[in-house]
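Residue numbers (the working numbering), protein chains in the order written: chain A, 24 to 318; chain B, 24 to 318.
Protein chains: 2
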Amino acid sequence: MPKTFANFSVNHLPKVEEMMLGFVRKYAEEATLAQAMTYSLEAGGKRIRPMLLLATLDMLKQPIEDAHYQVAGALEMIHTYSLIHDDLPAMDNDDLRRGKPTNHKVYGEGMAILAGDGLLTEAFHLVTQANIEPDVKVAIMQELALHAGSAGMIGGQVGDIEAENQEITLDHLASIHRRKTGALIMFAVNSAALLAQADEATRRHLSHYAEQFGIAFQIKDDILDVIGDEAVIGKKVGSDEALNKSTYTSILGMEAAKEKLNEHIHDALASLEAIKVNQPEVDTALLVELINKLR
Amino acid sequence: MPKTFANFSVNHLPKVEEMMLGFVRKYAEEATLAQAMTYSLEAGGKRIRPMLLLATLDMLKQPIEDAHYQVAGALEMIHTYSLIHDDLPAMDNDDLRRGKPTNHKVYGEGMAILAGDGLLTEAFHLVTQANIEPDVKVAIMQELALHAGSAGMIGGQVGDIEAENQEITLDHLASIHRRKTGALIMFAVNSAALLAQADEATRRHLSHYAEQFGIAFQIKDDILDVIGDEAVIGKKVGSDEALNKSTYTSILGMEAAKEKLNEHIHDALASLEAIKVNQPEVDTALLVELINKLR
C-alpha cells in the first residue's frame with residue numbers, strides 16, 4: 024500500500040493532539056484559563072506544521088516517538104497562540120477563525136491575551152520535558168525561539184501590520200511572509216532534521232524545500248482569500264482587501280500569482296529530488312503530497 | 024568594606040541591562056518592534072528579580088559570569104513582558120508604569136501585545152545561548168517555563184482577574200500571589216541554586232527564603248498602594264481599591280498586614296540562619312539586606 028498523507032495523519036495526528044491537550048490541562052491551574060487555551064487548540068485546522076515535522080522525520084527514517092509528538096505539539100501551540108493574538112481587536116479584529124468564534128469573542132480580550140501567553144510559555148515547557156539528548160534539545164529550543172521570535176514570526180507580524188494601507192514591493196511582501204508564515208514552516212522541517220541528525224547536504228535541501236513551501240503556502244492563502252469558499256477556509260473571503268493589505272494577488276494579479284505558486288512548488292519538488300540523488304532509497308512521497316496539496 | 028547591596032548593584036546591574044538590550048536589538052528586525060521592546064526594558068524599576076538571582080549566586084560563592092547575566096536578563100524580560108500585558112486596557116488598564124506612560128499608550132495596543140510576546144520568546148532564546156552545561160540549561164528553562172507559565176505567573180494573573188469584585192479568603196489571596204508575584208521570585212533563587220549546583224539542604228532553605236520573600240513583597244506592595252508616595256512607587260495610589268481588588272490590607276487591615284509582613288521577613292531571615300548552621304563561612308549579608316528592604 025503506498026504511503027499517503029491521509030493514512031499518516033490518521034496514525035499520528037491524534038497523538039499530537041493528545042500530547043498538547045493533556046499537557047495544557049495538567050499545568051493550567053485555573054479552570055477558565057485551561058478552557059481558553061484548549062478551546063483554540065481544539066478548533067482544529069489543518070495542523071500542517073506538526074504534520075510537516077513528523078512527515079520529515081518519517082522521510083529521514085526515524086520511528087516516530089513521544090518526544091517527536093512533544094516537539095510537534097509545541098510547534099502547533101506556538102502557531103495557535105499567534106492566531107489568538109492576531110485575531111484580537113487591536114490587531115486583525117477577526118470574529119471567526121476556522122468557522123468558530125475567535126478566542127476573545129468567547130473568553131474576552133484579557134483572557135485571550137493570557138491564553139496566548141500561556142500557550143507560548145507552555146510550548147517551551149513541553150519541549151523541556153521531551154526525552155531528547157540535552158544538547159539536541161537546547162538546539163531545538165534555540166531554533167524554536169529564533170523562528171517564533173522577533174527575528175521570525177513576531178517580526179513578520181509587525182511588518183504585516185506596518186504595511187497595512189501602504190503600497191509595498193514584492194520583495195517587501197516576501198520578507199514579511201518569510202517571517203510571518205515561513206518561519207514556523209522552516210522550524211517544522213529544520214527541527215526534524217536536527218532530531219534525525221541528518222547530514223549537511225540533506226539539511227540544506229530540506230531547508231530549501233521548507234522555504235519554497237512557506238512562500239507557496241502564503242500565495243495559496245492569498246488566492247483563497249479572493250476566490251475561496253468561506254465554508255472551507257473558515258473565515259470571510261476578502262478580509263485582506265477589507266484591511267487594505269498587500270497580497271501576492273493584489274501585487275501580481277491572479278494569473279501571475281497562480282503561476283508563481285506553481286514555480287515555488289516546482290522548486291520544492293526539485294529539492295526533494297536532489298535528496299534522492301545521494302540517497303535513492305529515501306521515500307519522499309509524503310513531502311511530495313504535502314506540497315502538491317497547495318496547487 | 025562590608026558587602027552592601029548598593030555596591031553589588033553598581034557592579035552587576037549595568038551588565039544585566041546591557042545583556043538584555045543588546046540581545047533584543049540584535050534580533051528585533053523591525054525598528055518599531057525593537058523600540059517597543061526596549062522602551063519597557065529601559066523603564067527601569069527595582070530589578071529585584073535579577074538582582075536576587077545574582078545575590079544568591081554570590082552567596083553560593085559563584086563568580087558572576089556572562090551566563091548568569093543572561094539568565095538574570097531573561098528573568099527580567101519575562102517580568103517586563105508580564106507588566107506590558109497586565110497594563111493593557113483589557114486587563115488592568117494602566118496609563119502609567121514606573122512614572123512613564125505604559126507601553127500601549129506609546130506604541131498602541133497591537134504593538135504592545137507583540138512587544139510582550141517578543142520579550143517572552145526572546146527570554147527563552149537568550150537562555151539557549153548561555154554558556155551553561157546543556158542538562159543544567161534545560162533544567163533552568165524548565166524551571167523558567169513552569170514558574171512563568173499557566174501553573175505559575177500566568178495562572179496567578181488569571182486568578183487575580185477572576186477575583187476582582189469578589190470577597191476572597193486570605194488563603195485564596197495567598198494562592199493568587201504565590202503564583203502571580205511569588206513564582207518569578209522563586210525562579211530567581213531556584214535557578215541560582217541550579218547554576219551553583221547547591222546541595223539539597225541549601226536548596227530547601229533557599230526555596231523557603233524565596234517563598235517568604237514573595238509573600239512579604241506582595242504585602243509590602245499592597246501597603247504601599249494605600250499609603251505610598253506616588254512619586255516613589257511610580258503609579259497612582261489606591262489603584263487596587265479602584266479595581267475593587269482584595270489585598271492583604273483590605274482583608275487584614277493595615278496594622279495586621281504590617282505585622283504579617285514582619286513575620287514573613289522574620290521567617291526568611293531564619294532560613295538564611297539555617298544555611299549558616301552547616302556552612303558558617305557563608306556570607307548572607309546581601310540576602311539579609313534585600314529582605315530587610317521590605318520592612
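Just so it is clear, CB atoms sit at the ideal spot from N, CA and C, and this is done for glycine as well.
Are the segment 74 to 88 of chain A and the segment 43 to 50 of chain A touching by the rule of at least three beta carbon pairs closer than 8 Å? no
Amino acids of chain B, ordered along the chain, whose beta-carbon sits closer than 9 Å to that of A/Thr-79: Going along chain B, no residue has its Cβ under 9 Å from A/Thr-79, so there is no contact; the nearest lies around 22 Å.
Applying a beta-carbon distance threshold of less than 9 Å, which residues of chain B neighbour A/Ile-152? The sequence shown places Gln at residue 152 of chain A, rather than the Ile named in the question. Within 9 Å Cβ-Cβ: Gln-165.
Is the beta carbon of B/Arg-121 sitting closer than 7 Å to the one on B/Ala-211? no
Beta-carbon neighbours of B/Leu-169, restricted to chain A and to distances below 7 Å: His-148
Measuring alpha carbon to alpha carbon, tell me which of A/Pro-157, A/Val-159 and A/Gln-152 ends up nearest B/Ala-168. A/Gln-152
Using a C-beta cutoff of 7 Å, does B/Met-114 count as contacting chain A? yes
Validate contact between the segment 191 to 206 of chain B and the segment 180 to 190 of chain A using beta carbons, cut 8 Å, 3 pairs: no
Range of the contiguous alpha helix (DSSP H) that encloses A/Val-305: It is not in any alpha helix (DSSP H) - A/Val-305 carries neither H nor E in the DSSP assignment.
Would B/Glu-53 pass as an interface residue toward chain A - the criterion being a Cβ-Cβ separation below 7 Å? yes
Going by beta carbon distance, what residues of the same chain come within less than 7 Å of A/Asn-154, once the five residues before and after it are set aside? Asp-89 and Ala-90
Determine whether the beta carbon atoms of B/Ala-280 and B/Ile-242 lie at a separation below 7 Å. yes
With distances taken between CB atoms, is the gap from B/Asp-245 to B/Thr-270 smaller than 7 Å? yes
Span of the alpha helix (DSSP H), counted from its first residue to its last, around A/Asp-263: 262 to 265
Under the assumption that A/Glu-52 contacts B/Ser-173 (Cβ atoms under 8 Å), give the Cβ distance between them as a whole number of angstroms. 7 Å
How would you write the range of the alpha helix (DSSP H) that A/Pro-73 sits in, first residue to last? 71 to 82
Test item: CB-CB of A/Ala-233 and A/Ile-208 under 7 Å: yes
Cut-off 7 Å between Cβ atoms - residues of its own chain near B/Met-176, not counting five sequence neighbours on either side: Ser-105, His-170, Arg-202, Lys-203, Ala-206 and Leu-207
Kindly say whether A/Glu-132, judged by its beta-carbon, lies nearer than 7 Å to any beta-carbon of chain B. yes
Give the single residue among B/Asp-248, B/His-289 and B/Gly-133 whose Cα lies nearest to the Cα of B/Met-277. B/Asp-248
Let me check understanding here. Comparing Cα to Cα, which of B/Asp-115, B/His-35, B/Thr-103 and B/Leu-56 lies closest to B/Ser-262? B/Asp-115
Taking a Cβ distance cut-off of 8 Å, strictly less, list which residues of the segment 175 to 189 of chain B are near chain A, in chain order. Ile-177, Gly-178, Gln-180, Val-181, Gly-182, Ile-184 and Glu-185
Indicate whether at least one CB of chain A lies closer than 7 Å to the CB of B/Tyr-92. no
So, does the CB of B/Thr-4 fall closer than 7 Å to a CB anywhere in chain A? Because chain B is modelled from 24 through 318, residue 4 of chain B falls outside the range shown and cannot be assessed.
Taking the straight line between their C-alpha atoms, what separation do you get for A/Thr-144 and B/Leu-111? 19 Å
Kindly indicate the opening and closing residues of the alpha helix (DSSP H) around A/Ile-136. 132 to 151
Boundaries (first-last residue) of the alpha helix (DSSP H) holding A/Ala-350: The question about residue 350 of chain A has no answer here: the residues shown for chain A are numbered 24 through 318.
For A/Ala-59, which option in A/Leu-137, A/Lys-38 and A/Lys-69 has the closest C-alpha, if you only look at C-alpha atoms? A/Leu-137
Comparing C-alpha positions only, which one of B/Thr-61, B/Asn-285, B/Val-39 and B/Pro-25 sits nearest to B/Met-134? B/Thr-61
List the whole-angstrom C-beta distance separating B/Val-39 from B/Ala-95, where the pair is believed to meet the contact cut-off of C-beta under 8 Å. 5 Å
Cα-Cα separation between B/Leu-56 and B/Lys-49, rounded to whole angstroms: 12 Å
Hey, is A/His-108's beta-carbon within less than 7 Å of any beta-carbon in chain B? yes
Measure the C-alpha to C-alpha separation of A/Asp-306 and A/Leu-149 and round it to an integer number of angstroms. 30 Å
How is A/Pro-37 classed by DSSP in three states: helix, strand or coil? helix
On a CA-only basis, which of A/Leu-119, A/Lys-123, A/His-108 and A/Ala-146 is nearest A/Glu-132? Give me that one, please. A/His-108
Please give me, in chain order, every unbroken run of the alpha helix (DSSP H) with length at least 4 that falls completely inside the segment 152 to 199 of chain A. 157 to 171 and 176 to 186
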